[in-house]
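Student: In the working numbering, the protein residues as written are 24 to 159.
Beta carbons are placed, not taken as given, at the ideal position from N, Cα and C, and that holds for glycine.
Just so it is clear, the structure is predicted and the values come from calculations on it, not from any experiment.
This structure is in structure tokens; I'll ask about it shortly.
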């Protein structure tokens, strides 16, 4: 049962990497599912609908570093952004550590930013690679 759960989480993570080449996907992948990463991915899945709602309302956008940004000054929105970014940072850091890429953290973030921009729904705010906020 545990192996099926891990496989499911890895499939979700792999799906976020789909637009990248197979070589890049292998370079920026998890080698081992740690309890911390598993918890972070579960938490992200649990808040997915809430975050999607905030994005659709223009309250949150995807930045050019692979994180979400509150586009309004509301404590509830900022709280969601903070926990989401903490979970993303944990996943990115773990990928860097497991692949001996600590010096490439900025690259890992940019790769995931590209993935998040590609996955953004029409009408959502994204920060392009040049740092400009646009509506997809």
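1) Given residue 151, which residues of its chain have a CB within under 8 Å of its CB, disregarding the five upstream and five downstream residues?
2) Going by other Cβ atoms of all chains shown within 10 Å of its Cβ, with 16 needed for buried, is residue 91 buried or exposed?
3) Could you please give the first and the last residue of the uninterrupted beta strand (DSSP E) stretch that includes residue 157?
4) Kindly indicate which residue of 103, 59, 66 has the alpha-carbon position closest to the one of residue 78.
5) Could you name each continuous alpha helix (DSSP H) segment of 4 residues or more that falls completely within the segment 116 to 150, going from the start of the chain to the end?
6) Within the continuous alpha helix (DSSP H) that includes residue 60, where are the two ends?
7) Please report the straight-line C-alpha distance between residue 147 and residue 120, rounded to a whole angstrom.
Tutor: Judging by the given coordinates:
1) Start at 1 with the first residue of the chain shown, and residue 151 comes out as number 128. So the list reads 87, 140, 157, once near-sequence residues are dropped.
2) Taking the chain shown and counting its residues from 1, the one referred to as residue 91 is at position 68. Buried, because 16 or more other Cβ atoms sit within 10 Å of the Cβ of residue 91.
3) Locating residue 157 in the chain shown gives position 134, where the first residue counts as 1. Per DSSP, residue 157 belongs to the beta strand (DSSP E) from 156 to 158.
4) For this step, residue 78 is matched to residue 55 along the chain shown. Comparing Cα positions, the closest option is 103.
5) 128 to 142
6) For the purposes of this step, residue 60 is taken as the residue at position 37 of the chain shown. 58 to 79 is the extent of the alpha helix (DSSP H) around residue 60.
7) Translated into the one-based positions of the chain shown, residue 147 becomes position 124. Translated into the one-based positions of the chain shown, residue 120 becomes position 97. Distance between the alpha carbons of residue 147 and residue 120 is about 32 Å.
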